[in-house]
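Chemist: Handing you a structure now.
In this note's numbering, the protein residues as written are 4 to 241.
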């Protein structure tokens, strides 16, 4: 039986991925801040489920909790980091910016670091990070969010290099979703909004194929190409 841990599993994409993996026969470890939601999901899933209450903003607690969860499961083959937060922050409220950094940068780094070092010691594994199409360029409406997602994609790219240099069967996947129908999708004029189910299915396909990168849904690759190629003098005016 393959074993997977999802950090940020209490709702949204993380919860839906837990359902898919459990349905595929994985033993799953679910980690999130809201323990009552994890208990509810645990009762719904058909496979063996481990749960751990974890707030990724607390570095010491996350290190211990994640290490304990890995030990309880007897090792893990796949770690998916779905925990994240985002604010439309037109007023540039510092509290919102720092909360975003604490979760999406500091929290992500702790989990990715522990997972990758476990894979090195174990001799293999697969790390998946949920970034965003927003990682490609900065954004006036949510500066910290866009920047934090750029950090995630860049960090994963660095770990990809490390995986290759290690010579071990370690895979790293950067998932860059567009708009998905979750609490994270905020603002007006949203387009190409995917259901959580459709997004999770495409993410699972990318993971199963051990892709290094995937846009979700796939049509967002068009926006990705456009954003990457747009000159700054034009981008800063849109």
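The C-beta atom is built at its ideal place from N, Cα and C for all residues, glycine as well.
Could you give the C-beta distance for residue 16 and residue 185, rounded to a whole number, given that I count them as a contact under 8 Å?
Modeler: Contact holds; Cβ gap of about 7 Å.
Chemist: With the cut-off set at 7 Å, would you say residue 113 and residue 65 are in Cβ contact?
Modeler: For residue 113 and residue 65, yes; Cβs fall inside 7 Å.
Chemist: Smallest Cα separation from residue 13: which of 58, 6, 50 and 101?
Modeler: The shortest C-alpha separation from residue 13 is found at 58.
Chemist: By Cβ distance, which residues of its chain are closer than 8 Å to residue 146, with the 5 residues on each side in sequence left out?
Modeler: Here the set comprises 92, 95 and 100.
Chemist: For the alpha helix (DSSP H) containing residue 110, name the first residue and the last one.
Modeler: Where residue 110 is concerned, there is no enclosing alpha helix (DSSP H), given that its DSSP letter is neither H nor E.
Chemist: Could you check whether the Cβ of residue 45 sits closer than 6 Å to any heavy atom belonging to the ligand FMN?
Modeler: This structure does not include the ligand FMN; it has no bound ligands of any sort.
Chemist: Any contact of the stretch 68-82 with the stretch 43-56, i.e. 3+ C-beta pairs under 8 Å?
Modeler: The answer is yes - the stretch 43-56 touches the stretch 68-82, with three or more Cβ pairs under 8 Å.
Chemist: Name the residue from 222, 215 and 216 whose alpha carbon lies nearest to the alpha carbon of residue 196.
Modeler: Checked all of 222, 215 and 216; the closest Cα to residue 196 is 222.
Chemist: CB-CB under 8 Å to residue 123, same chain, minus the five flanking residues each way: which ones, in chain order?
Modeler: Around residue 123: 169, 171 and 173.
Chemist: Going by beta carbon distance, what residues of the same chain come within less than 6 Å of residue 31, once the five residues before and after it are set aside?
Modeler: Around residue 31: 7, 21, 24, 25 and 52.
Chemist: Answer yes or no: do residue 19 and residue 203 have a C-beta to C-beta separation smaller than 7 Å?
Modeler: In contact: residue 19 and residue 203 (Cβ atoms closer than 7 Å).
Chemist: Which same chain residues, not among the five before or five after residue 198, have their C-beta less than 6 Å away from its C-beta?
Modeler: 184, listed in sequence order.
Chemist: What ranges does the beta strand (DSSP E) occupy inside the stretch 86-151, keeping only unbroken runs of at least 3 residues that lie completely in it?
Modeler: Here the runs fully enclosed are 128-133.
Chemist: Suppose you measure from the CA of residue 217 to the CA of residue 206; what does that come to, to the nearest Å?
Modeler: Whole-angstrom Cα-Cα distance: 8 Å.
Chemist: Keeping to the same chain, check which residues put their C-beta closer than 6 Å to that of residue 149; ignore five residues upstream and five downstream.
Modeler: Here the set comprises 137, 141 and 142.
Chemist: Mind checking residue 164: buried by the 16 CB within 10 Å criterion, or exposed?
Modeler: Classification for residue 164: exposed.
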